[in-house]
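Since the structure comes first, as structure tokens, the remarks are kept for the end.
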Amino acid sequence: MITLSFDDKQISIPQSWSDIRLGDYERWFQIEPKDRLEQIQLIANVCSIDVELLLKNPTQIFDTIVDIVKFVFEEYRGEALNRIEVDGITYTVSFTEELTLAEWVDMESVFESDSESRLSDILSILCRPIGESYDSKISEGRKELFSNLSMNNALPLLAFFLRQKERFQNVSNLYSEVKEQADRYLLLTRNFVENGDGTKSLPIWQRIRFYFLMKSLKKQLSKCSDFSYIV
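Sequential numbering of the sequence shown, starting at 333, is according to this note's numbering.
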């Protein structure tokens, strides 16, 4: 942090990614600034000061601060890593054919939400100790852990994930098709059971289509592991 003194006040300004928490970054950049005033408000948020303090001082002060924090607006060009150590525990990004359907469901739910902590939420789902099975309750409890990561530690993980996002999107689209078919299958099953006809009365094409969609999904998921981990 760099400390600036002006107007009888001292403010601490982040000078590197290590000075910024992931949770703060998510909150600051939830909405892209559309005009000059919103840009000034963003800089005030980054410095944890009242925007009026900037507005009431010479533009040179604002320009000096912007020059210090300009790194937050630049594209990350560092390394991409699939693991991180926190409090002596090594967490790795889970992106193999062992990824469960529950993980795909929870990730898609995060993408579709308007949560201010989507990056932290995604890491809490994908990042866990080696050998640990996915548990949504444990994942929920780790959101704060990842939200408190400094950005210099979070960015390599996010870069690794984003490089695989296209793979995820392809499988996610297939999952949506499977889910739609599964919902129809469940509805038909319920209707037949309620009518006393049993599941044998289900149209054969429904069962065949669902079977092959699941086989296709498994095949696509296995492709997601067809890359080298970056360590």
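Here a beta-carbon is modelled for each residue, glycine too, at the ideal position from N, C-alpha and C.
Keep in mind it's a predicted model, so treat the numbers as computed, not measured.
- The alpha carbon of ASP438 has as its nearest neighbour, out of LEU487, SER449, ILE454 and VAL383, the alpha carbon of ILE454.
- DSSP lists no beta-bridge partner residue for PRO390.
- Distance from the Cα of LEU489 is smallest, within the candidate group GLN371, TYR423 and TYR357, for TYR423.
- Straight through space, the alpha carbons of ARG460 and VAL425 are spaced by roughly 7 Å.
- Ranking PHE405, GLU440, CYS379 and ARG474 by CA distance to the CA of ILE397 puts CYS379 first.
- Membership of LEU336 in the beta strand (DSSP E) is indicated by the continuous run 334-338.
- Note: THR422 is bridge-paired with GLU417 in the DSSP secondary-structure output.
- With contacts defined by Cβ atoms closer than 7 Å, PHE492 and ASN414 form a contacting pair.
- The continuous beta strand (DSSP E) containing ILE343 extends over residues 341-345.
- Around the beta carbon of SER456, a 10 Å sphere encloses 16 or more other beta carbons of the protein chains shown; the residue is thus reported as buried.
- The three-state secondary structure of ARG474, taken from DSSP, is coil.
- The DSSP-derived three-state label of ARG409 is coil.
- Bridge pairing for CYS459: VAL425 [DSSP].
- Rounded to whole angstroms, SER468 and ASN389 show a C-alpha spacing of 48 Å.
- Going by C-alpha positions, ASP367 is about 32 Å away from GLU440.
- Per DSSP, the beta bridge partners of ARG353 are SER482.
- Scanning its chain for C-beta atoms nearer than 6 Å, with the 5 sequence neighbours on each side dropped, one finds around THR335 the residues GLN342 and SER344, in chain order.
- Residue range 433-444 is occupied by the alpha helix (DSSP H) that includes ASP438.
- About 6 Å separates the Cβ atoms of GLN347 and ILE400, confirming a contact at the 8 Å cut-off.
- Its Cα nearest to that of PRO365, the residue PHE405 stands out among SER479, PHE405, LEU487 and GLY473.
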